[in-house]
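A.B. asks: Just passing along the structure, written as structure tokens.
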Amino acid sequence: MLRTHNCGELRKTDAGQTVTLCGWVDKYRDHKGIVFIDLRDRYGRTQIKFNLADDSDIQKTAWQLRYEDVIQVSGEVTARPDDMANPKLPTGEIEVHAAALDVLSKSKTPPFEPDGQNLPNEELRLKHRFIDLRRQELQQAMQVRHRLTKAVRDYFDELGFLDIETPILGRSTPEGARDYLVPSRVHHGEFYALPQSPQLYKQLLMVAGFDRYFQIARCFRDEDLRADRQPEFTQIDVEMSFIERDDLIETIDGLVAAMAESARGESISLPLPRYTYHDVMERFGSDKPDMRFGMELVDIAEVAGDCDFGVFKNTIAAGGRVRGLNAKGAADKYSRRILDNDFKNLVGEYGAKGLAYFKVTDGKLDSSIAKFFGEEQQRSIIQKLGGENGDLLLFVADSDKVSSAALAALRNHLGRDLELYDPSEIQCCWIIDFPLVTWNEEEQRWDAEHHPFCSVVPEDVPLLETDPGKVRALSYDLVCNGYEAASGSIRIHDAAVQQKVFDLLNISAEEAERRFGFLLEGLRYGAPPHGGIALGLDRWVMLFCGYDNIRDVIAFPKTQRASDLLTGAPSTVDDRQLRDLQIRVVE
RNA sequence: GGGGCCGUAGCUCAAUUGGUUAGAGUACCGGACUGUCGAUCCGGGGGUUGCGGGUUCAAGUCCCGUCGGCCUCGCCA
438 MLRTHNCGEL
448 RKTDAGQTVT
458 LCGWVDKYRD
468 HKGIVFIDLR
478 DRYGRTQIKF
488 NLADDSDIQK
498 TAWQLRYEDV
508 IQVSGEVTAR
518 PDDMANPKLP
528 TGEIEVHAAA
538 LDVLSKSKTP
548 PFEPDGQNLP
558 NEELRLKHRF
568 IDLRRQELQQ
578 AMQVRHRLTK
588 AVRDYFDELG
598 FLDIETPILG
608 RSTPEGARDY
618 LVPSRVHHGE
628 FYALPQSPQL
638 YKQLLMVAGF
648 DRYFQIARCF
658 RDEDLRADRQ
668 PEFTQIDVEM
678 SFIERDDLIE
688 TIDGLVAAMA
698 ESARGESISL
708 PLPRYTYHDV
718 MERFGSDKPD
728 MRFGMELVDI
738 AEVAGDCDFG
748 VFKNTIAAGG
758 RVRGLNAKGA
768 ADKYSRRILD
778 NDFKNLVGEY
788 GAKGLAYFKV
798 TDGKLDSSIA
808 KFFGEEQQRS
818 IIQKLGGENG
828 DLLLFVADSD
838 KVSSAALAAL
848 RNHLGRDLEL
858 YDPSEIQCCW
868 IIDFPLVTWN
878 EEEQRWDAEH
888 HPFCSVVPED
898 VPLLETDPGK
908 VRALSYDLVC
918 NGYEAASGSI
928 RIHDAAVQQK
938 VFDLLNISAE
948 EAERRFGFLL
958 EGLRYGAPPH
968 GGIALGLDRW
978 VMLFCGYDNI
988 RDVIAFPKTQ
998 RASDLLTGAP
1008 STVDDRQLRD
1018 LQIRVVE
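Start counting the first sequence at 438; every next residue gets the next number (our numbering).
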């Protein structure tokens, strides 16, 4: 070993010991006759003292030290005089009095310093990711990530789950997300697809009798990115046999508690609350509501349909909805310009054509459109939204879909902006009873909400033929702070029900056979009732770290256009490689 | 595919209505300094204002295009 201790562990009680430390020069303070170095590794920082009187050769080298040089220092641990201790550092009560110094590796002047001050733009940080990763936030994230995956493995191991790997090179199944394709050299013109998830494999593992499976699986989706989406990401993939929905949910409740314990040392009270899809869509306008605060949506259809405000009245007449929310005490918080521009644009992104708002003043509505509402109607609106003087009431009148999306976004914005919750808090809940299918207006057909193998609430099976939109799926999402953090379902193992679902989705027998024949064939050879779930590992790490960007918890992430600025991927390849694959690039 | 924000010294930023030689802090280089911990003080070097075109007597600033980064709608069974 080139060191006896790390840079975070020495304390006053170690005074007198001779130690050797290795690390990066984090700061240097050169007083000519005395030089201080803060030596950094991933465990912490320790002050090293170089004294002119001791050894002029060492001192000469110490004068040359610059940021991010890697050095090895030996010397005696010395207690600092009380008035010279640094309370900001855990090691601040001691310093190492250098008797030997070896520069292990000189650093070029770094493009930026990983001290977290004046953080450069992300482009530069991604280009020099090896430096960015020295920053405390990223070091922290990698540690949380490690602890989390270890907790996951330990938890499932305790419960008798087997960790089984599934192929990365698989067959393309052209529904859902766009596949990343890998050309085959041996089979001209044919391609593998990277897995969007191990979904079909894990169902076959159930058929094979591995009744408790989990895997920390890399997944790939060639879709446009977001702050919480990367083209390759990691799922905690789980599948169980001979279980019902609640068994799975309880198992995952325990997993979430174990993860929270390991990542943050927090105990989460179980069971996690469960809400139905219908319930949260009505109350929050979203199937992934942020439960850290209230501010629920309120329907004012009765008043709106009867008032003189054309937008409201016509929306109700056309079968739309008028709903609003109450920003408590925010009447004077937002200027008219912000309301008419920023807020209107915000809801406009979701298709809302406008935003109506009132301030509650003297028990009445105060707004340019208040005149369209009678005294009784104003009282009714205020009462429905629990309005008090000083409150700001905001309304969107539109279709169910648009008003939900717009108000959900507005609610999230207001919740954050009005600081209605502690941003370090974690609030998880289950969303259950999703609709099995949703009507696709453009294509004039029913689409699976989850996937075509998702099972049905037994009492709803007859509805498959009469009222498909009302059929509830045996699927469930785990939502955390407004993010979809896990999603799963009980799968169909009954051929007759599967056929009904395929019929509903307009998937012919030939088409089903062509698309997922290998799964269907497997299910014909004794398939146990089974179900599972997949948790987005990256998102959980992000949530547990309190970050709002998934790139901050991935060691080597990609940009929004899916390029890796560090390595330059994707890149062109040699003609010879293309020849082998019989692929030609066309302009 | 659509909408929005951004790009000036290695880095973080400034630069009036379009107007002198594009500035500051930090980093870097040199000097001073034996108790600092964002060390301090003195001095110095450092610019294709992302790139290309246009308007103008004059462009970092205005216009068009393009490249790159971020946020977002669509998309993500």
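Glycine is no exception: its CB is placed at the ideal position from the N, C-alpha and C atoms. A quick note: this is a predicted structure, and the numbers were derived from the prediction, not measured.
In terms of residues, what are the limits of the alpha helix (DSSP H) holding V797?
C.D. replies: Run containing V797: none in the alpha helix (DSSP H); it sits in the beta strand (DSSP E), A793 to T798.
A.B. asks: Pick helix, strand or coil for Q936, following the three-state DSSP scheme.
C.D. replies: Residue state, collapsed to three classes: helix.
A.B. asks: Does DSSP classify Y913 as helix, strand or coil?
C.D. replies: If DSSP states are grouped into helix, strand and coil, Y913 belongs with the strands.
A.B. asks: Can you tell me where the beta strand (DSSP E) holding L831 begins and where it ends?
C.D. replies: Element bounds for L831: L829 to D835.
A.B. asks: Please report the Cβ distance between F730 and L857, rounded to the nearest whole angstrom; I am assuming they are in contact, meaning their Cβ atoms lie under 8 angstroms.
C.D. replies: Contact holds; Cβ gap of about 4 angstroms.
A.B. asks: Look at R503 and S542 and say whether their C-beta atoms are less than 8 angstroms apart.
C.D. replies: Cβ distance not < 8 angstroms, so R503 and S542 don't count as in contact.
A.B. asks: How is N1036 classed by DSSP in three states: helix, strand or coil?
C.D. replies: The displayed coordinates of the chain run from 438 to 1024. Any statement about residue 1036 would go beyond what the structure contains.
A.B. asks: May I have a chain-ordered list of the beta strand (DSSP E) segments no shorter than 3 residues that lie completely inside the stretch 841-875?
C.D. replies: With a minimum length of 3 residues, the continuous beta strand (DSSP E) runs that stay inside the stretch 841-875 are 865-869.
A.B. asks: Is the stretch 576-594 touching the stretch 627-635, taking contact as three or more C-beta pairs under 8 angstroms?
C.D. replies: No, the stretch 576-594 is not in contact with the stretch 627-635.
A.B. asks: Look up N918 in the DSSP assignment and say whether it is helix, strand or coil.
C.D. replies: Looking at N918 - three-state DSSP - the assignment turns out to be coil, as it is neither helix nor strand.
A.B. asks: Take I673 as the anchor and find which of F593, P527 and Y465 has the nearest alpha-carbon.
C.D. replies: Of F593, P527 and Y465, the residue nearest in Cα terms is F593.
A.B. asks: Check whether the Cβ of L692 sits closer than 7 angstroms to any heavy atom of the ligand FAD, and report yes or no.
C.D. replies: Only the bare structure without any ligand can be found here, which leaves the ligand FAD out of the picture.
A.B. asks: Thinking C-alpha only, which one of P708, F955, D463 and Q936 is nearest L915?
C.D. replies: Per the Cα distances, P708.
A.B. asks: Count the CB pairs spanning the stretch 657-670 and the stretch 986-1001 that are closer than 8 angstroms, and state whether there are at least three.
C.D. replies: In short, these stretches touch, since the Cβ pair count reaches three.
A.B. asks: In its own chain, which residues sit with a C-beta less than 8 angstroms from the C-beta of V487, not counting the 5 before and 5 after it?
C.D. replies: Here residue 487 is Phe; the residue named in the question, Val, does not match the sequence. Taken in chain order, the residues that qualify are I471, V472, F473, I474, I495, Q496, A499, A535 and L538.
A.B. asks: Taking buried to mean at least 16 other C-beta atoms within 10 Å of its own C-beta, is M643 buried or exposed?
C.D. replies: That one is buried.
A.B. asks: Looking at C-alpha atoms only, which residue of V623, V735 and R701 is the closest neighbour of G824?
C.D. replies: Measuring from the Cα of G824, the nearest candidate turns out to be V735.
A.B. asks: Please state if the CB of V784 and the CB of A843 are separated by a distance shorter than 8 angstroms.
C.D. replies: Going by C-beta atoms, A843 is nearer than 8 angstroms to V784.
A.B. asks: Within the continuous beta strand (DSSP E) that includes D897, where are the two ends?
C.D. replies: Note, D897: premise wrong, no beta strand (DSSP E); not H, not E.
A.B. asks: Hey, would you say P547 sits closer than 8 angstroms to E505, going by beta carbons?
C.D. replies: Against a cut-off of 8 angstroms, the Cβ pair of E505 and P547 comes out as a contact.
A.B. asks: What does the Cβ neighbour count give for Y962, buried or exposed, with the cut at 16 atoms within 10 Å?
C.D. replies: The residue is exposed, with fewer than 16 neighbouring Cβ atoms inside 10 Å.
A.B. asks: On the CB-based measure, 16 or more other CB atoms within 10 Å of its CB, does N782 come out buried or exposed?
C.D. replies: N782 should be labelled exposed.
A.B. asks: Among the candidates Q501, A755, P889 and Y638, whose CA atom is the shortest distance from the CA of P872?
C.D. replies: When each option's Cα is compared against that of P872, the closest is P889.
A.B. asks: Bridge partners for H583 per DSSP, in chain order?
C.D. replies: According to DSSP, which records beta bridges pairwise, H583 is partnered with nothing at all.
A.B. asks: For the pair the stretch 930-945 and the stretch 608-624, tell me if three or more CB-CB distances fall below 8 angstroms.
C.D. replies: Output reads no: the stretch 608-624 does not touch the stretch 930-945.
A.B. asks: Between which two residues does the beta strand (DSSP E) holding T457 run?
C.D. replies: Where T457 is concerned, the enclosing beta strand (DSSP E) stretches over T455 to D467.
A.B. asks: Looking at Y794 and F832, is the spacing between their C-beta atoms short of 8 angstroms?
C.D. replies: Closer than 8 angstroms, so yes.
A.B. asks: Just tell me which of S892, I1020 and E886 has its CA closest to the CA of G613.
C.D. replies: Ranking S892, I1020 and E886 by Cα distance to G613 puts E886 first.
A.B. asks: If you drop the 5 nearest sequence neighbours on each side, which residues of the same chain put their C-beta closer than 6 angstroms to that of G959?
C.D. replies: So the list reads L641 and V644, once near-sequence residues are dropped.
A.B. asks: Report the option in L489, M979 and S805 whose CA atom is closest to the CA atom of K469.
C.D. replies: Closest option to K469, Cα to Cα, is L489.
A.B. asks: Are the stretch 945-952 and the stretch 989-996 touching, with three or more C-beta to C-beta distances below 8 angstroms?
C.D. replies: At 8 angstroms Cβ cutoff, the stretches do not touch.
A.B. asks: For V619, does the three-state DSSP call read helix, strand or coil?
C.D. replies: Three-state DSSP puts V619 in a strand.
A.B. asks: Could you tell me which residues DSSP puts in a beta bridge with L599?
C.D. replies: The partner list for L599 (beta bridge, DSSP) reads Y650.
A.B. asks: Once DSSP output is grouped into helix, strand and coil, what is the label at T528?
C.D. replies: Reduced to three states, the DSSP call for T528 is coil.
A.B. asks: In the stretch 949-995, which residue ranges form an unbroken alpha helix (DSSP H) of at least 4 residues, counting only runs that do not cross its ends?
C.D. replies: The stretch 949-995 contains these whole alpha helix (DSSP H) runs: 974-982.
A.B. asks: With respect to the beta strand (DSSP E) encompassing M643, which residues constitute its N-terminal and C-terminal limits?
C.D. replies: No beta strand (DSSP E) contains M643, which is instead part of the alpha helix (DSSP H) from Q636 to V644.
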